[in-house]
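Undergrad: Residue numbering for the sequence shown follows my numbering, beginning at 359 and increasing consecutively.
Just so it is clear, CB atoms sit at the ideal spot from N, CA and C, and this is done for glycine as well.
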Amino acid sequence: MPEFITERPSSLDGRRERSTRSRHAIARAMLDLMRETQSIPTVDAVADRANVSRRSVFRHFPETNSLIIAAVDMQRTDVSARFAPRDLSTLGLPERVRAVSQRLGRMNEYITPARSLVDQFRKDHPVIDDMLKEDERTYTHHLGLIFRDGLEHHSAEDRDLVLQAMVSAAGWATWRGLRKDQFLSVLGARKVVEYTLCALLTVRPS
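(1) Comparing the CB of E552 with every heavy atom of the ligand COA, is any distance shorter than 7 Å?
(2) Near N466, what residues of its chain come up, given a Cβ to Cβ distance below 7 Å and the 5 sequence neighbours on each side ignored?
(3) Out of curiosity, what's the CA-to-CA distance linking H418 and L558?
(4) What span of residues does the alpha helix (DSSP H) with I427 cover, start to end?
(5) Which same chain residues end up closer than 7 Å to R461 when comparing Cβ atoms and leaving out the 5 residues on each side of it in sequence?
(6) To which residues of the same chain is R413 closer than 8 Å at the C-beta, ignoring the five residues directly before and after it?
(7) So what does DSSP say about N466, is it helix, strand or coil?
(8) Using a Cβ-Cβ cut-off of 6 Å (strictly less than) and excluding sequence neighbours within five positions of M359, which residues of its own chain qualify?
(9) Just checking my contact of E453 with S564 at CB under 8 Å: how many whole Å lie between their CB atoms?
(10) Apply the 10 Å Cβ neighbour rule to F505 and answer buried if 16 or more other Cβ atoms are within range, or exposed otherwise.
(11) What separation, rounded to the nearest whole angstrom, lies between the Cα atoms of D482 and G450?
(12) Give the DSSP-derived three-state secondary structure of S397 in the structure shown.
(13) Taking its Cβ as the centre, do 16 or more other Cβ atoms sit within 10 Å of Q396, making it buried, or is it exposed?
(14) Which of the three DSSP states, helix, strand or coil, is assigned to S411?
(15) Quick check on S459: buried or exposed, where buried means 16 or more other Cβ atoms within 10 Å of its Cβ?
(16) Just verifying my parser: in three-state terms, what is the DSSP assignment at P443?
(17) Please return the same chain residues whose Cβ sits closer than 8 Å to the Cβ of V544, not counting the five positions on each side in sequence.
(18) Figure out for me which residue from D445, I384 and A547 has the closest Cα to the Cα of V415.
(19) Measure the CB-CB distance between L555 and V455 and report whether it falls below 8 Å.
(20) How many whole angstroms separate the CB atoms of H512 and V520, which I take to be in contact at a CB cut-off of 8 Å?
(21) Sorted by chain position, which residues of the same chain lie with C-beta nearer than 7 Å to A387's C-beta, five sequence neighbours on each side aside?
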């Protein structure tokens, strides 16, 4: 018996592609508006920015929580693309500290608008909490690799403690405190991070 085909594969592929583009545009609109306003935008605002209908927003993201999660995940992807770690193996320890401080300063400054908002949801949204914890584990791992030789100058029992102190000193929460609470410039905050990392590694700033 002949098979009855209701839609051609190319038609289905085109529909999926349009759906993917719409979903991406909606998540991008959500993230951009969160960054610009540091508040959760309305569905109407998201739809307008994404150039889609309200119905399309709800079709892809039935709940606001799922849209917030998509926006957070999109920022993580943006950060990975914009601030990919580079090979620092040819640099001396003080030069590595400066390079890492500069990179983390740029990254923390970039993520602050949305991250300040997202942090308010972290406790009540396990998925967001898991994303941020995964980022923190990756960040800790990279710092440990980059400064392995500097950490070896410390006793075995102190290495984990020193690494955690480095993670805290160069992390986003500290950056926000330096910028918001101490009113430091980007350069001033970066210098504090650099100095603190050097002190923990017992090296002189370059």
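TA: Checking against the coordinates, here is how it stands:
(1) In the structure on display, the ligand COA does not appear, and there are no ligands present to speak of.
(2) Listed in chain order, the non-local C-beta contacts of N466 below 7 Å within the same chain comprise W530 and W533, local neighbours out to five positions each way being set aside.
(3) Cα-Cα distance, rounded: 47 Å.
(4) Residues T422 to R440.
(5) These residues qualify, in order along the chain: F441.
(6) Taken in chain order, the list of residues that qualify is empty.
(7) In the three-state DSSP reduction, N466 falls in the helix class (H, G or I).
(8) Model confidence at M359 stands at a pLDDT of 44, short of 50, so the residue's coordinates are unreliable and nothing is read from them.
(9) With 8 Å as the limit, E453 and S564 qualify as a contact, their Cβ atoms being about 5 Å apart.
(10) So F505 ends up on the buried side.
(11) Cα to Cα, D482 sits roughly 43 Å from G450.
(12) Here S397 sits in coil by DSSP.
(13) Around the Cβ of Q396, a 10 Å sphere holds fewer than 16 other Cβ atoms; the residue is exposed.
(14) DSSP places S411 in coil when its eight states are reduced to three.
(15) Label assigned to S459: buried.
(16) Coil.
(17) Hits under 8 Å: G463, E467 and R537.
(18) Of the listed residues, the one whose Cα sits closest to V415 is I384.
(19) Closer than 8 Å, so yes.
(20) Contact between H512 and V520 holds: CB atoms are separated by about 5 Å, below the 8 Å threshold.
(21) Short of 7 Å from the beta carbon of A387, and not among the five residues preceding or following it, lie these beta carbons of its own chain, in chain order: V404, R407 and A408.
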